[in-house]
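Input: a single structure, listed below in structure tokens.
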Amino acid sequence: MVKQGDIIKLDLDHQAGHEQAGYRPAVVISNDFFNSKVNLTIVCPITNTKRAFPLHIPLDNRTITTGFVSCEHIKALDLNARRYKVIERIPDDLLEEIISTVFSQIAR
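Okay, so the sequence shown: first residue is -3 according to this note's numbering, each after it adds one.
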């Protein structure tokens, strides 16, 4: 089972429009309770396209994975139906920033 804060690599194909697609890394943002009880996992994909966009959180030299977490592309995925690989864990402070950025899009 994946854990909150894991960086996984998986195929996001079968997307449309501006949605992220292809085999790429993503950060697991759903908590461990959710991941253990529901057949879905919530992730934010990682892109290497640099944009001055407030919803993109840059990864730093503490991760092997490079790029920017796309907090606007939140996805709930059935990982039992997809092939994925756990790459590494994201530092806690970056995970907190990502979750805060995701919440800022839906909070009142």
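All residues carry an ideal CB built from backbone N, CA and C; glycine is no exception.
Treat the numbers as computed from the prediction; the structure is a model and nothing was measured.
Option nearest residue i by Cα separation, candidates the options
| i | options | result |
| --- | --- | --- |
| ASN76 | PHE99, THR97 and THR37 | THR37 |
| LEU73 | VAL34, GLY63 and GLY1 | VAL34 |
| PHE29 | ARG79, PRO54, THR59 and MET(-3) | MET(-3) |
| GLN0 | LEU90, ALA103 and ARG104 | LEU90 |
| PRO21 | ASP88, THR59 and ALA48 | THR59 |
| PRO87 | ASN31, HIS52, LYS5 and ASN57 | ASN57 |
| GLU101 | GLY63, VAL82 and HIS52 | Note that residue 101 is Gln in the sequence shown, not Glu. Among GLY63, VAL82 and HIS52, the Cα nearest to that of GLN101 belongs to HIS52. |
| THR45 | ASN31, GLY63 and SER32 | GLY63 |
Three-state class that DSSP yields for residue i in the structure shown
| i | result |
| --- | --- |
| THR45 | coil |
| VAL98 | helix |
| LYS71 | strand |
| ALA103 | coil |
| ALA12 | Note that ALA12 scores 41 on pLDDT, short of 50, meaning its location in the model is unreliable; the coordinates nonetheless yield the value given after this. Here ALA12 sits in coil by DSSP. |
Contact under 8 Å by Cβ, residue i with residue j
| i | j | result |
| --- | --- | --- |
| VAL24 | VAL65 | no |
| GLU84 | THR61 | yes |
| LYS71 | PRO41 | yes |
| CYS67 | VAL39 | no |
| ARG79 | ASP7 | yes |
Beta-bridge pairing of residue i - partner residues as DSSP gives them
| i | result |
| --- | --- |
| ASN54 | Note on identity: in this sequence residue 54 is Pro, with Asn being the wrong assignment. In DSSP, PRO54 forms a bridge with PHE64. |
| ARG85 | ASP2 |
Residue i: first and last residue of the uninterrupted beta strand (DSSP E) it sits in
| i | result |
| --- | --- |
| LYS5 | 2 to 7 |
Run of the alpha helix (DSSP H) containing residue i, from where it starts to where it stops
| i | result |
| --- | --- |
| SER26 | Taken as a continuous stretch (DSSP letters only), SER26 belongs to no alpha helix (DSSP H), as it is neither H nor E. |
heavy atom of the ligand FMN below 7 Å from residue i C-beta
| i | result |
| --- | --- |
| THR43 | In the structure on display, the ligand FMN does not appear, and there are no ligands present to speak of. |
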